[in-house]
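Encoded as structure tokens, the structure appears first; notes follow it.
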Amino acid sequence: MPRQSTRCPAAIYAAGAILSIGDPRSGGRLRRCLILWHGFRGEIVTEVPLFQIRPYAERDRDAVVALWQVCGLLRAWNDPLEDIALCLRSPGARLFVASGTDDDGTGGLRATIMCGSDGHRGWLYYLAVDPTRRREGLARRMVRHAEDWLAGCGIRKVELMIRPENDAVRAFYERVGYEVEPRLVMSRWLRDDE
Numbered sequence: 743m744p745r746q747s748t749r750c751p752a753a754i755y756a757a758g759a760i761l762s763i764g765d766p767r768s769g770g771r772l773r774r775c776l777i778l779w780h781g782f783r784g785e786i787v788t789e790v791p792l793f794q795i796r797p798y799a800e801r802d803r804d805a806v807v808a809l810w811q812v813c814g815l816l817r818a819w820n821d822p823l824e825d826i827a828l829c830l831r832s833p834g835a836r837l838f839v840a841s842g843t844d845d846d847g848t849g850g851l852r853a854t855i856m857c858g859s860d861g862h863r864g865w866l867y868y869l870a871v872d873p874t875r876r877r878e879g880l881a882r883r884m885v886r887h888a889e890d891w892l893a894g895c896g897i898r899k900v901e902l903m904i905r906p907e908n909d910a911v912r913a914f915y916e917r918v919g920y921e922v923e924p925r926l927v928m929s930r931w932l933r934d935d936e
């Protein structure tokens, strides 16, 4: 859970430092956190549990699909396992996951993002964050990780599609620097069974 305005010695802590701190609520048990601070007073602004962002591994499959289900990303016409398989076969695409351990010893998969490019523009898909871990900056970190990977592939612009009724997701992407472009998206199914 994020904490606000906890005092700490500025000489010891640096912005973005990874620290082990005693948590008095748990008998002083050590907690590893990413500390983001502001100003010269050494005031902790946000405390975010540590997660590792890494490429998808086959062992993640069930947890990824379950997270997408919980987050409402699955649609009847999209088989998530086919989407994962297509991503893994595509050299210009990646699926990243965030995993970690919480203070209580539990953990597991907490977030996903899929990204890919056509060699000209990058695209973001399947950004999902465990509902119990929202408002901790994890979605922003996932987006930045995908953007960095795409930039490393020579991609200069990233796009995404949002369902018109999804105001919360639109607001999130606007907060991280995305803007609406006047475009009409057209599509056509290439399979006869659809």
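Read left to right, the sequence shown gives residues 743 to 936 (our numbering). Ideal placement from N, C-alpha and C gives every residue a C-beta, glycine not left out.
Verify whether the separation of the beta carbon atoms of residue i and residue j is less than 8 Å.
| i | j | result |
| --- | --- | --- |
| Ile-897 | Phe-838 | no |
| Thr-854 | Leu-809 | yes |
| Leu-892 | Gly-861 | no |
| Arg-1000 | Pro-797 | In the structure displayed, the chain extends from 743 to 936; residue 1000 sits before or after that span and is not available. |
| Leu-851 | Ser-841 | yes |
For residue i, count neighbouring C-beta atoms within 10 Å of its own C-beta (all shown protein chains included) and say buried if the count is 16 or more, exposed if not.
| i | result |
| --- | --- |
| Glu-800 | exposed |
| Ser-929 | exposed |
| Glu-916 | exposed |
| Ala-888 | buried |
| Glu-878 | buried |
| Val-918 | exposed |
| Val-871 | buried |
| Val-927 | exposed |
| Met-903 | exposed |
| Ala-827 | exposed |
| Ala-818 | exposed |
Hey, does residue i have any beta-carbon neighbour from chain D nearer than 8 Å?
| i | result |
| --- | --- |
| Arg-836 | No chain D is present in this structure, which holds just one protein chain. |
Span of the alpha helix (DSSP H) holding residue i?
| i | result |
| --- | --- |
| Gly-864 | From DSSP, Gly-864 is part of no alpha helix (DSSP H) but of the beta strand (DSSP E) over 864-871. |
| Cys-829 | 822-831 |
| Met-884 | 880-894 |
Under the criterion of a Cβ to heavy atom distance below 7 Å, does residue i qualify as lining the ligand ZN?
| i | result |
| --- | --- |
| Phe-914 | This structure lacks the ligand ZN; in fact it carries no ligand of any kind. |
Along the chain, where does the beta strand (DSSP E) containing residue i start, and where does it finish?
| i | result |
| --- | --- |
| Ile-795 | 794-797 |
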